[in-house]
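Residue numbers (the UniProt record's numbering), protein chains in the order written: chain U, 1 to 205; chain W, 1 to 205.
There are 2 protein chains.
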Amino acid sequence: MTEQANRGPADPADETSTPVRPGRRRSEESRRAILAAAYELLDEAGYARLTVEGIAARAGTGKQTVYRWWPGKADVLLEALTVHARRHVPLPDTGDHAADLHAFLAATFAAATPPTGDALRALMAEAQIDPAFGARFRDTLLNPRREALGTLLARAHAADALAPQLTPATAVDLAFGLLWYRLLATREPLDDRLAALLTRTLLRA
Amino acid sequence: MTEQANRGPADPADETSTPVRPGRRRSEESRRAILAAAYELLDEAGYARLTVEGIAARAGTGKQTVYRWWPGKADVLLEALTVHARRHVPLPDTGDHAADLHAFLAATFAAATPPTGDALRALMAEAQIDPAFGARFRDTLLNPRREALGTLLARAHAADALAPQLTPATAVDLAFGLLWYRLLATREPLDDRLAALLTRTLLRA
Chain U
1 MTEQANRGPA DPADETSTPV RPGRRRSEES RRAILAAAYE LLDEAGYARL TVEGIAARAG
61 TGKQTVYRWW PGKADVLLEA LTVHARRHVP LPDTGDHAAD LHAFLAATFA AATPPTGDAL
121 RALMAEAQID PAFGARFRDT LLNPRREALG TLLARAHAAD ALAPQLTPAT AVDLAFGLLW
181 YRLLATREPL DDRLAALLTR TLLRA
Chain W
1 MTEQANRGPA DPADETSTPV RPGRRRSEES RRAILAAAYE LLDEAGYARL TVEGIAARAG
61 TGKQTVYRWW PGKADVLLEA LTVHARRHVP LPDTGDHAAD LHAFLAATFA AATPPTGDAL
121 RALMAEAQID PAFGARFRDT LLNPRREALG TLLARAHAAD ALAPQLTPAT AVDLAFGLLW
181 YRLLATREPL DDRLAALLTR TLLRA
């Protein structure tokens, strides 16, 4: 993973073209420590008991350092989960559309199990309540995931392998709809069997 | 619609076997006025500006009358939306599985447009934050809707009309997943064209 991939949209370094200075390198280390701490504490304590204070203490920084880059715990976690998704969901291109789609969906489902699933639920709720956070949630996490799956499905579509009634965009909605509905409503398992079933549903029989 | 169908799980009358008395009839009228007021105000002002005080004033009752039956505005609205869904989504049985499924999905999508869509979003968020409300949300609204669509899909399954990789339960998840994902994440339209596409996806080609 490159340094760039670990940075979020709020990284102040993105706004300048200055070369890397020692202070900037320390900032980047601090950011990474905070993101790692947020993810560790989520695993240990769950979303409800996660606090900016706890994240800062675990990362060995002050609260004000966290607030320098993020408005609150939801945004720290949003960036931590985005990094997590990028790291754990590959975008295969083997030429076998069914195998590629199945691998992507199975990795996506596996990356959404607890504790990540609890955090995803909490962030989706926050996105409904706070429209400004909702926009950041879509831009930072939902849309990049849509684009990744969309790339894969556009390839299948170009090879005439997509189910004939679907477009890549509606197929993306069906796939992430199933994921989110199980997370938010039924809490039924997101497993490999479901990834296989979804793959068959989205591709031409 | 029967009197029974308008009652929610919190109706104190369900706990007794006494015959209908005038006081009970007045209670029932009061309940209905409160549910109608909640729905009207949702339409006029949206979920965020809806208050128990406003609902009571519109219904011509006191706040304490609302609190006698519901813990707060989310639960009043949950019952109002459940009545709304039951009223506007028929469960056709014409023998034509595709036509029946299309009609059900189109009516479901149409019943989830604003202002109902805003309220559904708010209640789904509340369900993530308050687990006790989450259980009531599933029992009162989500599960009865799942059962209605499940009945229709079980019929198609028995006639070997369901897509071969799906069970009625996973087909229900795909359908409601698409609905909720569009409501919560993309806000893309829920229209008749989408109902047709979903019908083709769930049934055997």
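Here a beta-carbon is modelled for each residue, glycine too, at the ideal position from N, C-alpha and C.
Because the structure is a prediction, the values reported are computed rather than measured.
Query raised in the report: What beta strand (DSSP E) runs, 3 residues minimum, are completely inside the stretch 143–169 of chain U?
Result: Fully enclosed beta strand (DSSP E) runs of 3 or longer: not present.
Query raised in the report: His102(U) and Thr199(U): beta carbons closer than 9 angstroms?
Result: It is a contact, given that the beta carbons lie within the stated cut-off.
Query raised in the report: Checking contacts by CB at 9 angstroms: is Gln64(W) closer than that to chain U?
Result: No, no contact with chain U.
Requested in this report: Would you kindly check if the distance between the Cβ of Leu141(W) and the Cβ of Thr82(W) is under 9 angstroms?
Outcome: Yes.
Query raised in the report: Gly60(U) to Lys73(U), Cα distance in whole Å?
Result: Looking at the two C-alpha atoms, the distance is approximately 16 angstroms.
Query - Contact with chain W by Arg87(U), beta-carbon distance below 9 angstroms - result: No - not a single Cβ of chain W is within 9 angstroms of the one on Arg87(U).
Query raised in the report: What number of angstroms, rounded off, separates the C-alpha of Leu153(W) from the C-alpha of Arg193(W)?
Result: If I take the Cα positions, the gap works out to 20 angstroms.
Query raised in the report: Using a C-beta to C-beta distance shorter than 8 angstroms, which residues of chain W count as neighbours of Ala45(U)?
Result: Ala45(U) does not reach chain W, its nearest Cβ partner there being about 17 angstroms away, counting only Cβ pairs nearer than 8 angstroms.
Query raised in the report: Could one say the Cβ of Arg138(W) lies closer than 9 angstroms to chain U's Cβ atoms, at least one of them?
Result: So, interface residue.
Query - Euclidean distance between Cα positions of Ala148(U) and His88(U) - result: Annotation: Ala148(U) to His88(U) spans about 13 angstroms, alpha carbon to alpha carbon.
Query raised in the report: So Ala45(W) is in the alpha helix (DSSP H); what residue range does that whole segment cover?
Result: Ala45(W) -> alpha helix (DSSP H) spans 22–45.
Query raised in the report: Does any residue of chain U bring its CB to less than 9 angstroms from the CB of Glu126(W)?
Result: Answer yes: the Cβ-Cβ gap between Glu126(W) and chain U drops below 9 angstroms somewhere.
Query raised in the report: Roughly how many angstroms lie between the CA atoms of Phe137(U) and Leu178(W), to the nearest whole one?
Result: Their backbone Cα atoms lie some 19 angstroms apart in a straight line.
Query - Span separating the alpha-carbon of Ala99(U) from that of Leu203(W) - result: Across the structure, Ala99(U) and Leu203(W) are spaced so that their CA atoms are roughly 23 angstroms apart.
Requested in this report: Closer than 7 angstroms, Cβ to Cβ, to anything on chain U: give me those residues from the stretch 171–184 of chain W, in chain order.
Outcome: Listed by position, the residues of the stretch 171–184 of chain W near chain U (Cβ gap below 7 angstroms) are Asp173, Leu174, Phe176, Gly177, Leu178, Trp180, Tyr181, Arg182, Leu184.
Query raised in the report: What residues are listed by DSSP as bridge partners for Leu203(U)?
Result: Paired residues: Leu162(U).
Query raised in the report: Distance, Cα to Cα, Ala125(W) vs Arg21(U)?
Result: Cα atoms of Ala125(W) and Arg21(U): separation of roughly 43 angstroms, rounded to the nearest angstrom.
Requested in this report: Tell me, please, whether the CB atom of Thr116(U) is closer than 9 angstroms to any CB atom in chain W?
Outcome: Not closer than 9 angstroms to any Cβ of chain W, the Cβ of Thr116(U) fails to qualify, so no.
Query - Length of the line joining the Cα atoms of Glu53(U) and Arg26(U) - result: Using only the alpha carbons, I get a separation of about 20 angstroms.
Query - Among Glu29(U), Pro164(U), Asp118(U), nearest to Ala45(U) - alpha-carbon criterion - result: Here the closest residue by C-alpha is Asp118(U).
Query raised in the report: Which residues in chain W sit within 9 angstroms of Thr151(U), going by Cβ to Cβ distance?
Result: Within chain W, no residue comes near Thr151(U); the closest Cβ sits about 17 angstroms away, beyond 9 angstroms.
Query - Spatially closest choice to Ala150(U) from Val172(U), Asp160(U), Asp139(U), by CA coordinates - result: Reading off the sequence shown, one finds Gly at residue 150(U), where the question assumed Ala. Gly150(U) has its Cα closest to that of Val172(U), out of Val172(U), Asp160(U), Asp139(U).
**Report entry** Enclosing alpha helix (DSSP H) for Arg87(W) [first to last residue]
**Finding:** Here the alpha helix (DSSP H) through Arg87(W) covers 73–88.
Query raised in the report: Quick one: Cα of Ala112(U) to Cα of Leu42(W), how far?
Result: Those two C-alpha atoms are separated by around 34 angstroms.
**Report entry** Proximity test, Cβ basis, 9 angstroms: Ala161(W) and chain U
**Finding:** Not closer than 9 angstroms to any Cβ of chain U, the Cβ of Ala161(W) fails to qualify, so no.
Report task. With a 10 Å radius around its C-beta and 16 neighbouring C-beta atoms as the bar for buried, classify Glu79(U) as buried or exposed. Result -> Around the CB of Glu79(U), 16 or more other CB atoms lie within 10 Å, so the residue is classed as buried.
Report task. Find the residues of chain U that neighbour Ile129(W), judging by a C-beta separation of less than 7 angstroms, and give them in chain order. Result -> Per Cβ cutoff of 7 angstroms: Ala125.
Query raised in the report: Going by the beta-carbon positions, is the gap between Ala135(U) and Val76(U) smaller than 9 angstroms?
Result: Cβ distance not < 9 angstroms, so Ala135(U) and Val76(U) don't count as in contact.
Query raised in the report: Measuring CA to CA, which of Pro144(W), His84(W), Thr94(W) is closest to Leu116(W)?
Result: One detail in the question is off: residue 116(W) reads as Thr in this sequence, not Leu. It is His84(W) whose Cα lies nearest to the Cα of Thr116(W).
Query - Residues that Arg200(W) contacts on chain U, provided the C-beta gap is smaller than 7 angstroms - result: Under the 7 angstroms cutoff, chain U gives Gln165.
Query raised in the report: Is the distance from the Cβ of Leu184(U) to the Cβ of Ala132(W) below 9 angstroms?
Result: A distance of 9 angstroms or more separates the beta carbons of Leu184(U) and Ala132(W).
Query raised in the report: Apart from the five residues just before and just after Leu105(W), which ones in its own chain have a Cβ nearer than 7 angstroms to its Cβ?
Result: Ala175, Ala195, Leu198, Thr199.
Query raised in the report: Taking Cβ to Cβ, would you say Leu166(W) is nearer than 9 angstroms to Thr201(U)?
Result: Closer than 9 angstroms, so yes.
Requested in this report: Output the boundary residues of the alpha helix (DSSP H) element that contains Asp96(W).
Outcome: No alpha helix (DSSP H) holds Asp96(W); DSSP gives it neither H nor E.
Query raised in the report: Does the Cβ of Pro90(W) have 16 or more other Cβ atoms within 10 Å, making it buried, or fewer, making it exposed?
Result: Classification for Pro90(W): exposed.
Requested in this report: May I ask you to report which of helix, strand or coil DSSP gives Leu194(U)?
Outcome: The DSSP-derived three-state label of Leu194(U) is helix.
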